[in-house]
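The next block holds one structure in the form of structure tokens; read it before the comments.
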Amino acid sequence: MKTPTIAVALTAVLSTCVTGLAQADKLDDIIESGKLRCAVTLDFPPMGFRDEGNNPAGFDVDYCADLAKVLGVTPEVVETPFPDRIPALISGRADVIVASTSDTLERAKTVGMTVPYFAFQMVVLTREDSGIGSYQDLKGRPVGNTSGTYEAIALEKDVKGWGGGSFRVYQSLNDTILAVAQGHIDATVVTNTVAASTLKSGKYKGLKIAGDAPYTIDYVSLAAKRSEYGLLNYMNLFVNQQVRTGRYQELWNKWVGEQIAPVNLAVPGVYY
Numbered sequence: 094m095k096t097p098t099i100a101v102a103l104t105a106v107l108s109t110c111v112t113g114l115a116q117a118d119k120l121d122d123i124i125e126s127g128k129l130r131c132a133v134t135l136d137f138p139p140m141g142f143r144d145e146g147n148n149p150a151g152f153d154v155d156y157c158a159d160l161a162k163v164l165g166v167t168p169e170v171v172e173t174p175f176p177d178r179i180p181a182l183i184s185g186r187a188d189v190i191v192a193s194t195s196d197t198l199e200r201a202k203t204v205g206m207t208v209p210y211f212a213f214q215m216v217v218l219t220r221e222d223s224g225i226g227s228y229q230d231l232k233g234r235p236v237g238n239t240s241g242t243y244e245a246i247a248l249e250k251d252v253k254g255w256g257g258g259s260f261r262v263y264q265s266l267n268d269t270i271l272a273v274a275q276g277h278i279d280a281t282v283v284t285n286t287v288a289a290s291t292l293k294s295g296k297y298k299g300l301k302i303a304g305d306a307p308y309t310i311d312y313v314s315l316a317a318k319r320s321e322y323g324l325l326n327y328m329n330l331f332v333n334q335q336v337r338t339g340r341y342q343e344l345w346n347k348w349v350g351e352q353i354a355p356v357n358l359a360v361p362g363v364y365y
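Residue numbers for the sequence shown, in my numbering: 94 to 365.
Here you go:
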């Protein structure tokens, strides 16, 4: 009789352990650990960069800090280059990704993604004396962009379709912007954040933003391991709260500036 009794007791213990493991939740783990480790890219100003004191700064850094604050824990920035964002999460080096990560269906096969917390709109960057006031004014003009970028491919395609003007390729973003400033080309297309950061820096004089480019908006999301439903649900609510409390607008004004309005995170018929 003793053997069946022991077996039943052992089965009960194992069942309890398995149930406990099944109910383990990353959100609880973060709160219990007292810290939130965010994978953040620090070479993409104004979203993430190092300030003059070599400290992490930018929109994404503040967003990580805001999330940690509502969780009642300390934020920890895990500096992560763009290609290493998902590996850092999967390997356990980071708890969440807060690094301007486009919400592609391909990425969603590997990690869980929230509703968009930020969106990049492409804009025209030109000189104040160029006479360009909109994207349509680029027709017939010498324009250019940075090799291999989405906006370079889109702009070159349009230039070919217009049948006039010229397109030049540059090896870096700085080279492209310098070419505009020095008059080698009349305009380029960059993200709204890059444009705002460029104007705010004062490094290139006489530049302006001349409206939006008609390209697809790049929505970016926070990310966690795909199985962490509790954490993902919490972060979805957090993004919602950031917008409706005005914090999203506040961070936009702080890091991007008031020259351009933030892209609406709502997608008609999808996100409200």
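All residues carry an ideal CB built from backbone N, CA and C; glycine is no exception.
Where does residue i sit, in a helix, a strand or coil, going by DSSP?
i, result
"aspartate 121", "helix"
"leucine 292", "helix"
"threonine 197", "coil"
"proline 168", "strand"
"methionine 328", "helix"
"serine 314", "strand"
"alanine 115", "Note that alanine 115 scores a pLDDT of 45, beneath 50, so its modelled location is shaky; the value from the coordinates is reported in the next line. Alanine 115: helix per DSSP, three-state reduction."
"leucine 135", "coil"
"lysine 128", "strand"
"tyrosine 322", "helix"
"isoleucine 179", "helix"
"isoleucine 246", "helix"
"valine 382", "Because the chain here runs from 94 to 365, residue 382 falls outside it and cannot be looked at."
"tyrosine 297", "coil"
"tyrosine 368", "There is no way to answer for residue 368, as the model of the chain reaches only from 94 to 365."
Under 8 Å by Cβ, that's how I've got residue i and residue j pegged, so tell me the actual separation to the nearest angstrom.
i, j, result
"alanine 289", "glutamine 334", "So it is not a contact: roughly 25 Å between Cβ atoms."
"leucine 129", "lysine 318", "With a Cβ gap of about 14 Å, leucine 129 and lysine 318 do not count as contacting."
"alanine 212", "isoleucine 310", "5 Å"
"alanine 158", "valine 171", "Their Cβ separation, rounded to whole angstroms, is 14 Å, which puts alanine 158 and valine 171 out of contact at 8 Å."
"leucine 54", "proline 149", "With the chain running from 94 to 365 in the structure shown, residue 54 is simply not present."
"proline 180", "tryptophan 348", "Actually they are not in contact, since the Cβ atoms of proline 180 and tryptophan 348 sit about 26 Å apart, beyond 8 Å."
Closer than 7 Å by C-beta to residue i: which residues in its own chain qualify, once you throw out the five before and the five after it? Chain order, please.
i, result
"threonine 269", "Gly237, Asn238, Thr239, Tyr263 and Thr281"
"aspartate 196", "Met206, Pro209, Tyr312, Val313 and Ser314"
"leucine 114", "Note that leucine 114 scores 45 on pLDDT, short of 50, meaning its location in the model is unreliable; the coordinates nonetheless yield the value given after this. There are no such residues."
"leucine 164", "Ile123, Ile124 and Leu129"
"glycine 350", "Ala289 and Lys293"
"glycine 339", "none"
"arginine 337", "none"
"glutamine 275", "none"
When DSSP builds the beta bridges, which residues end up paired with residue i?
i, result
"isoleucine 302", "Leu218"
"asparagine 238", "Val262"
"methionine 140", "In DSSP, methionine 140 forms no bridge with anything."
"glycine 205", "Ala317"
"valine 283", "Val216"
"isoleucine 190", "Ala132 and Ala316"
"proline 149", "Arg143"
Less than 8 Å between C-beta atoms, sequence neighbours within five positions excluded: which residues of the same chain meet that for residue i?
i, result
"isoleucine 225", "Val217, Thr219, Leu231, Arg234, Asp279, Ala280 and Ala303"
"threonine 291", "Leu218, Ile270, Val283, Tyr297 and Leu300"
"aspartate 121", "Gly323"
"glycine 258", "Leu231, Lys232, Gly233, Arg234, Pro235, Val236 and Val252"
"serine 265", "Thr239"
"glycine 127", "Val166 and Thr167"
Within the same chain, show all residues whose beta-carbon is closer than 6 Å to that of residue i, passing over the 5 residues directly before and after it, in chain order.
i, result
"asparagine 285", "Gln214, Val216 and Ile353"
"glutamate 221", "Gly299 and Lys301"
"leucine 344", "Phe152 and Asp155"
"serine 223", "Asp279"
"phenylalanine 175", "Thr134"
"tryptophan 255", "Lys232"
With distances taken between CB atoms, is the gap from residue i to residue j smaller than 9 Å?
i, j, result
"lysine 119", "glutamate 321", "yes"
"valine 133", "threonine 167", "no"
"leucine 324", "tyrosine 297", "no"
"phenylalanine 260", "valine 252", "yes"
"alanine 192", "glycine 146", "no"
"leucine 358", "tyrosine 341", "yes"
"glutamate 249", "alanine 306", "no"
"alanine 316", "threonine 194", "yes"
"valine 204", "cysteine 131", "no"
"alanine 247", "tyrosine 327", "no"
Of all the CB atoms in chain B, is at least one closer than 9 Å to the CB of residue i?
i, result
"aspartate 121", "Chain labels in this structure do not include chain B; a single protein chain is all it has."
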